[in-house]
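Novice:
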Amino acid sequence: MDKTYQPQAIETQWYQTWEEQGYFKPQGGDEPYCIMIPPPNVTGSLHMGHGFNNAVMDAMIRHQRMLGKDTLWQMGTDHAGIATQMVVERQLSADNISRHDLGREAFLDRVWQWKEESGGNITRQLRRLGSSLDWSRERFTMDDGLSEAVKEAFVRLYDDGLIYRGKRLVNWDPALHTAISDVEVENHEEKGSLWHLRYPLADGATTAEGKNYLVVATTRPETMLGDTAVAVHPEDERYQALIGREIILPLVGRRIPIVADDYVEREFGTGCVKITPAHDFNDYEVGKRHGMALINVLDASACVLAEAQPFNLDGSARNDIDNSLPAAYAGKDRYEARKLIVADFEAAGLLEKIDDHDLKVPRGDRSGVVIEPWLTDQWYVSTKPLAEPAIRAVEDGEVQFVPKQYENMYFSWMRDIQDWCISRQLWWGHRIPAWYDKAGNVYVGRDESEVRAKYHLGSEVELEQDEDVLDTWFSSGLWTFSTLGWPEQTDYLKKFHPTDLLVTGFDIIFFWVARMMMLTLHLVKDEQGKGQIPFKTVYVHGLVRDAQGQKMSKSKGNVLDPLDIIDGIDLESLVAKRTKGLMRPKDAPKIEKQTRKEFPEGIDAFGTDALRMTFCSLASTGRDIKFDMGRVEGYRNFCNKMWNAARYVLMNTEGQNCGQDGASDFELSLADRWIISRLQEAEKAVAEALDSYRLDLATQAFYEFFWNEYCDWYLELSKPVLWDDNASGAQKKGTRRTLIRVLETALRLAHPLIPFITEEIWQRVKTLAGQSGETIMLAPYPIADAGKLDEQATSDIEWLKGVIVGVRNIRGEMNIAPGKAIPLFMQQGSDADQQRLEANRQFLQKLANLETITWLGTDEQAPPSATTLVGKLEILVPMAGLIDVEAEKARLNKEVERLKKDKERVADKLNNPNFVDKAPAEVVDKEKAKLEDIGTSLDALSEQLKALETL
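Residue numbers (this note's numbering): 1 to 951.
1) Count Cβ pairs between the stretch 816 to 831 and the stretch 867 to 883 that sit closer than 8 angstroms; are there 3 or more?
2) Using 8 angstroms for Cβ pairs, my map puts Pro39 next to Thr77. What's the rounded Cβ distance?
3) In the structure shown, what three-state DSSP assignment does Ser620 receive?
4) Cβ atoms of Ser367 and Leu176: under 8 angstroms apart, would you say?
5) Can you tell which of Ile754, Thr520, Val286 and Ser553 has the C-alpha that lies nearest to the C-alpha of Gln532?
6) Leaving out five residues on either side along the sequence, give the residues of the same chain with a beta carbon under 7 angstroms from the beta carbon of Tyr693.
7) What would DSSP say about Gly531, mapped onto helix, strand or coil?
8) Starting from His522, trace the alpha helix (DSSP H) in both directions and tell me its first and last residue.
9) With 16 other CB atoms within 10 Å as the buried threshold, where does Tyr710 fall?
10) In whole angstroms, what is the alpha-carbon distance linking Ala260 and Glu527?
11) Give me the DSSP bridge partner(s) of Cys421.
12) Please go through the same chain and pick out, in chain order, the residues whose beta-carbon is closer than 6 angstroms to the beta-carbon of Asn840, but skip the five residues on each side of it.
13) Tell me, please, which residues DSSP counts as bridged to Thr537.
14) If we require 4 or more residues per run, which alpha helix (DSSP H) segments fall completely within the stretch 870 to 925?
15) Could you round the C-beta distance between Tyr978 and Val230 to whole angstroms and report it? I think they count as a contact, below 8 angstroms.
16) For Ile180 versus Gly44, is the C-beta distance shorter than 8 angstroms?
17) Does Gly51 pass the burial test, meaning 16 or more other C-beta atoms within 10 Å, or should it be called exposed?
18) Cα separation between Phe400 and Ile35?
19) Buried or exposed for Lys900, please, with buried defined as at least 16 other CB atoms from any protein chain shown within 10 angstroms of its CB.
20) What first and last residue would you give for the alpha helix (DSSP H) that runs through Glu598?
21) Where Pro864 and Asp902 are concerned, what is the direct C-alpha to C-alpha distance, given to the nearest angstrom?
22) Below 8 angstroms on the Cβ atoms is my contact criterion, and I expect Leu249 with Asp227 to pass it. Report the Cβ-Cβ distance as a whole number of Å.
23) Among the candidates Lys894, Tyr23, Gly787 and Glu927, whose CA atom is the shortest distance from the CA of Trp674?
24) Can you name the start and end residues of the beta strand (DSSP E) that Thr653 belongs to?
25) Would you call the CB atoms of Glu851 and Pro823 closer than 8 angstroms?
26) Would you mind reading off the limits of the beta strand (DSSP E) that contains His50?
27) Which of the three DSSP states is assigned to Phe705 in this structure?
28) Measuring only the C-alpha atoms, how far is Leu717 from Val807?
29) Applying the 10 Å Cβ sphere with the 16-neighbour rule, what's the burial state of Tyr492?
30) Note down, one range per segment and in chain order, each beta strand (DSSP E) of at least 3 residues found wholly within the stretch 798 to 876.
31) Going by Cα to Cα distance, which pick from Gln861, Val805, Lys590 and Asp859 is closest to Leu844?
32) Taking a contact to mean a Cβ-Cβ separation below 8 angstroms, would you say Arg545 touches Lys626 in this structure?
33) Within the stretch 259 to 338, note down every full beta strand (DSSP E) run reaching 3 residues or more, in order along the chain.
34) Would Trp427 pass as a contact of Val451 if the rule is Cβ separation under 8 angstroms?
35) Using C-beta distances below 8 angstroms, list every residue in its chain close to Asp134, excluding the 5 sequence neighbours before and after it, in chain order.
36) Between which two residues does the alpha helix (DSSP H) containing Trp512 stretch?
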């Protein structure tokens with residue numbers, strides 16, 4: 001083996017080998033196990049959330065694969081409708097071409113061309129992360145099979161009365177000209193204004209204060225053109241007499257009612273709220289409760305219409321409402337119209353005041369523009385009937401959430417679910433399988449020929465297919481079964497569905513998890529005709545945040561790229577990366593300064609295993625993850641420790657008989673028996689942690705075993721046997737056998753967490769350890785053997801460790817060089833202590849570098865010594881000639897003064913009646929015990945100081 005561990009030299013090579021040999025594919029076996037990857041966007045690149053998510057999934061699938069299950073980790077990417085269309089439109093824009101210049105078909109050809117040339121970036125990055133996905137079955141949400149599944153699902157849902165078309169309020173992106181989902185809306189804290197506007201009362205009405213107007217406060221004055229009411233709280237005494245009266249809407253002149261609604265907060269502003277059902281989601285709900293009209297005043301670009309568009313709640317046109325709007329605002333952008341409207345209010349004496357106001361502004365995550373609630377015709381899924389069986393599946397325990405508390409979030413969303421807008425005004429995506437005739441009648445089918453046959457339409461009826469495409473979440477909602485070949489009853493669908501595990505962030509429980517539950521239960525049936533669940537367990541993890549707990553975002557400049565941690569990046573490249581394409585370019589200097597401060601030397605290359613082990617160590621279910629580069633460095637050091645331990649083992653076992661011949665002519669030392677026993681405990685702890693999705697505990701258990709027990713103790717305990725000419729051949733063989741077998745087993749134990757280094761070392765040690773096979777990936781996962789537990793060996797080694805640590809502590813306190821051999825005395829111990837001394841004298845002398853070890857009888861006097869205890873056994877190191885007496889006196893006196901202050905503080909607390917009477921009894925007892933311990937320590941220090949006086 002090379003002297004130093006160099007991850008970059010082995011990782012790419014091993015991944016290529018694994019993939020080429022087909023190890024990621026299902027390997028056969030009776031019991032299936034399947035994980036579906038949350039399909040990353042085809043336009044995307046790996047971020048820390050992907051890194052964490054994939055580290056968890058890969059650990060779970062590798063573990064199950066090694067347990068002998070027939071595993072499938074299904075790979076695929078999402079077509080990412082808006083993101084992909086934007087990428088290609090930007091390319092066209094650079095050549096002064098728009099998609100409309102090309103036309104729909106030619107534009108889609110360009111998108112497919114881009115996908116083939118540049119759409120595989122994230123799949124290359126997933127490989128670099130070590131993700132053992134079945135690439136031979138890679139799917140894409142726009143490939144032929146999935147497109148057929150989408151059409152099938154749409155038609156079935158429509159025929160079942162669960163899909164309809166209607167005019168409703170949606171998140172509208174005025175730049176992209178499409179509806180977007182809530183998850184694609186980012187709320188930004190921004191500085192704004194709160195305009196207080198006077199609305200005149202009609203018919204001579206006045207307020208309790210005698211005013212002939214009401215004051216409403218709004219952050220969006222331009223929407224007042226579509227107001228249909230002013231609302232007050234029903235219990236607000238100031239306005240009760242006005243409920244049912246009317247307002248004259250300024251600038252427009254339309255009469256609108258004053259209504260009472262619990263939605264109004266009496267304490268906010270004046271307690272009067274303008275209601276604009278066609279331009280605000282909360283107002284829309286108020287409008288539904290009061291049967292109000294919806295008056296749209298904006299077009300698709302968020303410019304003011306020449307004439308308002310009034311509608312009923314069912315989306316039908318209203319002809320009984322004055323639709324006139326002031327001509328001065330027609331065609332004006334919403335913000336330009338806002339300025340004009342505010343100026344007109346002021347000119348009319350109707351502007352009460354303007355306050356500064358902090359507000360959350362909804363912006364499209366792709367376009368960056370402010371999202372407008374907008375009334376438009378869209379396709380919807382009726383979700384309440386679908387939600388009921390999806391709720392029952394979790395209530396009945398068919399689907400388990402880990403951690404369980406996320407069930408509450410799921411139930412909360414599902415029990416208050418709203419119909420789902422599934423149409424998008426894009427070209428890239430699954431085109432809605434609906435056709436219209438000249439009269440506007442709607443026909444739904446898998447293709448036009450099916451539509452004509454289904455609805456008995458002759459060739460003379462002209463049909464046009466709907467221009468819209470489906471929400472990306474619709475196709476990803478079919479992911480668990482569409483990727484396995486549905487609607488065909490394929491062998492893979494029969495074997496691997498329902499899938500076993502879904503790993504996802506809490507932020508998309510509703511957008512993805514809940515929708516998969518609803519769609520799968522309705523569309524996929526088992527042999528008895530019962531709806532199938534999509535997965536048995538949902539492992540929910542938190543968001544990856546920076547070391548200070550801040551959300552990672554490009555605007556904050558705290559984003560980390562997993563590949564930069566794996567392969568390293570220089571400072572200048574890191575600065576350029578973090579400051580490129582900012583939504584607010586003015587933030588670049590601040591982000592550059594922050595980056596230079598945080599990473600003055602750039603980022604080292606830590607390798608994939610160190611990063612993965614860091615992710616796994618942070619995977620305490622459900623909590624947000626504070627990512628600390630210090631941890632990555634620590635786990636790189638751990639990988640180095642593994643590498644160096646393997647080199648030591650190989651240097652002492654290669655070319656030797658290590659028991660691989662099966663002969664029993666070996667003898668296990670106490671240390672051998674101990675480490676074998678501790679290995680069983682580690683195997684049990686790691687397996688239990690993986691089974692309960694606690695990768696943090698699995699990582700901790702393996703780390704503590706390998707570093708603290710195998711490396712720090714067992715390797716050292718092996719040296720006195722291997723390097724002692726007096727040790728027998730059977731003893732040496734037993735130690736060599738244990739060295740190599742425990743290492744080999746530990747590699748298999750850790751493989752799901754750190755796959756590359758374990759494979760590299762395993763290939764070098766497997767034969768010596770009596771193992772065979774082409775790859776550690778398919779080697780059996782270790783299972784603890786209770787018959788190999790050895791309590792006696794464990795207690796004996798703990799005794800030995802206690803003595804050695806005690807001696808080392810004395811060396812440190814007395815500043816005695818580790819290389820200087822010293823005499824040791826033992827006293828006051830039991831017969832068992834004396835027996836352990838004789839059995840382990842060789843280990844003690846070698847590992848503690850002892851000149852002599854003397855057992856003192858009860859009547860024998862030890863020379864002045866530094867003392868420590870192992871149980872009741874006194875460990876004494878004579879001080880004569882070993883220490884600077886005056887310096888040791890100073891140290892001890894300093895410790896005495898510290899303890900005296902502690903004693904005085906604790907005594908004062910116990911002498912205080914308020915504390916003794918009011919504190920819980922266990923707290924008081926704890927303080928009393930502390931006082932007693934301090935007294936014992938002071939007595940011991942006093943004895944040490946007396947002893948020093950004799951030197």
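We treat Cβ as the ideally placed atom computed from N, Cα and C, and that holds for glycine.
Specialist: In short, the structure shows the following:
1) Yes: at least three Cβ pairs fall under 8 angstroms.
2) Beta-carbon to beta-carbon, Pro39 and Thr77 are separated by about 5 angstroms, close enough to satisfy the 8 angstroms threshold.
3) Note: Ser620 maps to coil in three-state DSSP.
4) Yes; because the gap between Cβ atoms is below 8 angstroms, this pair is in contact.
5) The option with the nearest alpha carbon to Gln532 is Thr520.
6) Counting only Cβ-Cβ distances below 7 angstroms, and skipping sequence neighbours, we find Val402, Tyr539 and Thr621.
7) In the displayed model, Gly531 falls within a strand according to three-state DSSP.
8) Taken as a continuous stretch (DSSP letters only), the alpha helix (DSSP H) holding His522 covers Arg515 to Leu523.
9) Burial check for Tyr710: the Cβ neighbour count within 10 Å reaches 16 or more, so the residue is buried.
10) The straight-line gap from Cα to Cα measures roughly 54 angstroms.
11) According to DSSP, Cys421 bridges with Tyr380.
12) So the qualifying residues of the chain are Leu800.
13) Its beta-bridge partners are Gln400 and Leu501.
14) Entirely contained in the stretch 870 to 925, the alpha helix (DSSP H) runs reaching 4 residues are, in chain order, 885 to 910 and 913 to 918.
15) In this structure the chain extends from 1 to 951, so residue 978 is not present and cannot be described.
16) Cβ distance not < 8 angstroms, so Ile180 and Gly44 don't count as in contact.
17) Buried, since its Cβ has 16 or more Cβ neighbours within 10 Å.
18) According to the sequence displayed, residue 400 carries Gln and not Phe. Answer to the nearest angstrom: the Cα atoms are 15 angstroms apart.
19) It is exposed - the Cβ of Lys900 has fewer than 16 other Cβ atoms within 10 Å.
20) Segment Ala588 to Glu598, the alpha helix (DSSP H) holding Glu598.
21) A straight line joining the alpha-carbon of Pro864 with that of Asp902 spans about 27 angstroms.
22) Confirmed, about 6 angstroms.
23) Comparing Cα positions, the closest option is Gly787.
24) No beta strand (DSSP E) holds Thr653; the alpha helix (DSSP H) holding it covers Met629 to Thr653.
25) Yes, Cβ-Cβ distance for Glu851 and Pro823 is below 8 angstroms.
26) Where His50 is concerned, there is no enclosing beta strand (DSSP E), although the alpha helix (DSSP H) it sits in stretches over Met48 to Met66.
27) Three-state result, Phe705: helix.
28) Between the C-alpha atoms of Leu717 and Val807 there is a straight-line separation of about 16 angstroms.
29) A buried status is given to Tyr492, since no fewer than 16 other beta-carbon atoms sit within 10 Å of its beta-carbon.
30) Complete beta strand (DSSP E) runs here, min 3: 822 to 827, 850 to 855 and 865 to 870.
31) Put simply, of Gln861, Val805, Lys590 and Asp859 the residue whose alpha carbon is nearest the alpha carbon of Leu844 is Val805.
32) Arg545 is a Cβ neighbour of Lys626, given a cutoff of 8 angstroms.
33) With a minimum length of 3 residues, the continuous beta strand (DSSP E) runs that stay inside the stretch 259 to 338 are 273 to 275, 294 to 298 and 304 to 311.
34) Against a cut-off of 8 angstroms, the Cβ pair of Val451 and Trp427 comes out as no contact.
35) Here the set comprises Phe24, Lys25, Pro26, Leu72, Trp73, Gln74 and Met75.
36) No alpha helix (DSSP H) holds Trp512; DSSP gives it neither H nor E.
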